Ligand SMILES: [Fe+2]
Ligand SMILES: [Fe+2]
């Protein structure tokens, strides 16, 4: 029998702890829970036996929540770190933006708390590799494209900054979009439901919060991923092209606006795992590239051989930790292997899988990899037969299981030519 997941609650207010104990009494069947009233006591409990999930208050005498989570992130990186805090002081919460995975606000209803902790307990099911789990768990921020980062800072610092322009810049960058959605999908900001459109998220947060996040809280960063052969600009371009095509495909199916938004953001973020590998495991990523080139393998298959998993699962693990909605996490996890999904309906996974394959058909099979001119010239972006599409990883069996294989031709029209040429230097 599997051991119960272990969950630690930390709050200096005795009435909050007793309220949590009462509220979660029924969960004793499924979780092993402890309740302590300060950071020092929490670390002592960790030293006895680590926890799967920690839920901490922010404002506590002595060691506050941000400091406690920084210790936990350093010494017990596999623990999922949640903040449960009052909404009074945003600056205090912003200190936890690096070390916390998700934010919940007090008062938090039972359903929301149980659902969030339950999901956090199962977060490692997609990514079994423990050392990768540790690396991903410590990620607070991923690199943004320098041009976009500079444009965002200029816009936020300008006297007539506009929500629309800020939203547009954030929506063009996958690291910024992922970060904003991490924060807006937390109940901390009191947003009524999951928000998966970055522009919408920015307008709901408001300019002053986004300004604080961007200029002082360190929510965004610019630095170059160190893997040789990885182009951040090409990765961002590819993410946007897939996102735009996925949105068009979802719209063409007459799906509701949430599914259209989810398809866009899942498209934008689908290769975030490659950004993680290129930034935090650059030698391993280079090894994957070499194998992929030498054996003419799709990059994800080379990753399976070298790392034992793919950038899909690695990226999905981060987004799961950050609390992004499940359809987006699933689309990112399975975009190269959609046949592994359960269900037989059109989802963001369908849109992203098709959009990615069609975009790869327009460019090359590893669009973030800097290719030599000869290789680029030898790629024919023109008419692609069904067989050629299959060569580009399109899972025709999956599409026919969904009774959507006949839609392929019209989806190809939507993605051909590639939707938008992006100019990041403007
Ligand atoms: Fe991919
Ligand atoms: Fe891709």
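Numbering (the working numbering), first residue to last: 12 to 437.
Note that CB positions come from ideal geometry on N, CA and C, so glycine has one too.
Quick caveat: nothing in here was measured; it's all calculated off a predicted structure.
Residue 311 beta carbon near ligand 1 (any heavy atom closer than 8 Å) = On the chain shown, position 300 is the one that residue 311 refers to. True, at least one ligand heavy atom lies under 8 Å from that Cβ.
Residue environment, residue 166, which counts as buried when at least 16 other CB atoms sit within 10 Å | Numbered from its first residue, the chain shown carries residue 166 at position 155. Residue 166 comes out buried.
Please determine, among 278, 305, 168, 24, the residue with the shortest C-alpha to C-alpha distance to residue 220.
-> Counting from 1 along the chain shown, the entry for residue 220 is found at position 209. The shortest Cα separation from residue 220 among 278, 305, 168, 24 belongs to 168.
Pull up the DSSP beta-bridge partners for residue 154, would you.
-> Start at 1 with the first residue of the chain shown, and residue 154 comes out as number 143. In DSSP, residue 154 forms a bridge with 232.
Applying the criterion that 16 or more other CB atoms from any shown protein chain within 10 Å of the CB defines a buried residue, is residue 110 buried or exposed?
-> Along the chain shown, read from residue 1 onward, the residue named residue 110 stands at position 99. Buried, by the Cβ-count rule.
Give every residue of the same chain whose Cβ lies closer than 7 Å to the Cβ of residue 131, excluding the five residues on either side of it in the sequence, and list them in chain order.
-> Here residue 131 corresponds to residue number 120 of the chain shown, with the count starting at 1. Taking C-beta separations shorter than 7 Å and ignoring five residues to either side along the sequence, the partners of residue 131 in its chain run 64, 91, 93, following chain order.
Extent of the continuous alpha helix (DSSP H) to which residue 43 belongs | Residue 43 sits at position 32 when you count from the first residue of the chain shown. Counting along the chain, residue 43 sits inside no alpha helix (DSSP H); it lies in the beta strand (DSSP E) bounded by residues 43 to 47.
Nearest candidate by alpha-carbon position, reference residue 144, set 354, 326, 404 = Along the chain shown, one-based indexing puts residue 144 at 133. Residue 144 has its Cα closest to that of 326, out of 354, 326, 404.
When we look at the beta-carbon of residue 14 and count the other beta-carbons within 10 Å, is it buried (16 or more) or exposed?
-> Taking the first residue of the chain shown as 1, we reach residue 14 at position 3. Answer is exposed; the Cβ neighbour count stays below 16.
Find the nearest neighbour of residue 68 within the set 113, 234, 179, judged by alpha-carbon distance.
-> Residue numbering aside, residue 68 sits at position 57 when the chain shown is read from its first letter. Per the Cα distances, 113.
Could you give the DSSP three-state label for residue 197: helix, strand or coil?
-> If you number the chain shown from 1, residue 197 lands on position 186. Three-state DSSP puts residue 197 in coil, outside helix and strand.
Let me know if residue 26 comes out buried or exposed under the rule of 16 or more other beta-carbons within 10 Å of its beta-carbon.
-> The residue given as residue 26 occupies position 15 in the chain shown. Its Cβ having fewer than 16 others within 10 Å, residue 26 is exposed.
beta-carbon residue 370 near ligand 2 non-hydrogen atom, thresh 8 Å = Numbered from its first residue, the chain shown carries residue 370 at position 359. Flag set: Cβ of residue 370 near ligand 2.
Whose C-beta lies closer than 6 Å to the C-beta of residue 342 among residues of the same chain, with five residues either side of it excluded?
-> For the purposes of this step, residue 342 is identified with residue 331 of the chain shown, where counting begins at 1. Excluding positions up to five away in sequence, the list reads 277, 359, 360, 363.
Closer than 7 Å by C-beta to residue 394: which residues in its own chain qualify, once you throw out the five before and the five after it? Chain order, please.
-> Your numbering for residue 394 matches position 383 in the chain shown. Because the pLDDT at residue 394 is just 40, under 50, the model does not fix this residue reliably, and the value given afterwards should be weighed accordingly. Closer than 7 Å at the Cβ level, and outside the excluded window around residue 394, lies no residue.
Ligand 2: which residues have Cβ under 5 Å from any of its heavy atoms, chain order?
-> 282, 367
Report whether the distance from the Cβ of residue 291 to the nearest heavy atom of ligand 1 is below 8 Å.
-> As a working mapping, residue 291 is identified with position 280 in the chain shown. Checking every heavy atom of ligand 1 against the Cβ of residue 291, none is found closer than 8 Å.
Can you pull the DSSP bridge partners for residue 83?
-> Indexing the chain shown from 1 puts residue 83 at position 72. Bridge partners of residue 83 according to DSSP: none are assigned.
Could you check if residue 175 is buried or exposed, using at least 16 other CB atoms within 10 Å of its CB as the buried criterion?
-> Reading the chain shown from its first residue, position 164 is the one you call residue 175. Its Cβ having fewer than 16 others within 10 Å, residue 175 is exposed.
Mapping DSSP to helix, strand and coil, what is residue 17?
-> Taking the first residue of the chain shown as 1, we reach residue 17 at position 6. Note: residue 17 maps to strand in three-state DSSP.
Cβ-based burial, residue 29 [other Cβ within 10 Å; buried from 16] | Along the chain shown, read from residue 1 onward, the residue named residue 29 stands at position 18. Residue 29 comes out exposed.
Count the other CB atoms within 10 Å of the CB of residue 334; is the residue buried (16 or more) or exposed (fewer)?
-> In the chain shown, counting from the first residue as 1, residue 334 sits at position 323. By the 10 Å Cβ count, residue 334 comes out buried.
Own chain, CB closer than 7 Å to residue 107, minus 5 neighbours either side, in chain order | Position 96 of the chain shown, counted from the start, is the residue given in the question as residue 107. These residues qualify, in order along the chain: 69, 76, 77, 80, 94.
Are the CB atoms of residue 231 and residue 152 nearer to each other than 9 Å?
-> In the chain shown, counting from the first residue as 1, residue 231 sits at position 220. In the chain shown, counting from the first residue as 1, residue 152 sits at position 141. Closer than 9 Å, so yes.
By Cβ distance, which residues of its chain are closer than 8 Å to residue 162, with the 5 residues on each side in sequence left out?
-> Sequence index remark: in the chain shown, residue 162 carries index 151 (1-based). Closer than 8 Å at Cβ, skipping near neighbours: 180.
Compute the Euclidean distance between the alpha carbons of residue 262 and residue 36, then round it to the nearest angstrom.
-> Sequence index remark: in the chain shown, residue 262 carries index 251 (1-based). Sequence index remark: in the chain shown, residue 36 carries index 25 (1-based). Roughly 45 Å between the two C-alpha positions.
Whole beta strand (DSSP E) elements within the segment 99 to 124, 3-residue minimum | With a minimum length of 3 residues, the continuous beta strand (DSSP E) runs that stay inside the segment 99 to 124 are 113 to 116.
What do you get for residue 126, buried or exposed, if any count of 16 or more other CB atoms within 10 angstroms of its CB means buried?
-> The sequence position of residue 126 within the chain shown is 115, counting from 1. Exposed: under 16 other Cβ atoms inside 10 Å.
Where the beta strand (DSSP E) containing residue 304 begins and where it ends | For the purposes of this step, residue 304 is taken as residue 293 along the chain shown, with counting starting at 1. No beta strand (DSSP E) contains residue 304, which is instead part of the alpha helix (DSSP H) from 293 to 306.
Residues bridged to residue 39 by DSSP?
-> For the purposes of this step, residue 39 is taken as the residue at position 28 of the chain shown. Residue 39 is not bridged to any residue.
From what residue to what residue does the alpha helix (DSSP H) around residue 243 run?
-> Numbered from 1 along the chain shown, position 232 holds the residue referred to as residue 243. Residues 243 to 263.
Residue 249, buried or exposed, once every other Cβ within 10 Å from all chains shown has been counted against 16 = Here residue 249 is taken as the residue at index 238 of the chain shown, counted from 1. Residue 249 comes out buried.
Grouping DSSP H, G and I as helix and E and B as strand, with all else coil, what is residue 399?
-> In the chain shown, residue 399 corresponds to position 388, counting from 1. Low per-residue confidence applies at residue 399: pLDDT is 48, beneath 50, and the placement is therefore not dependable, though the value from the model is reported in the following sentence. Residue state, collapsed to three classes: helix.
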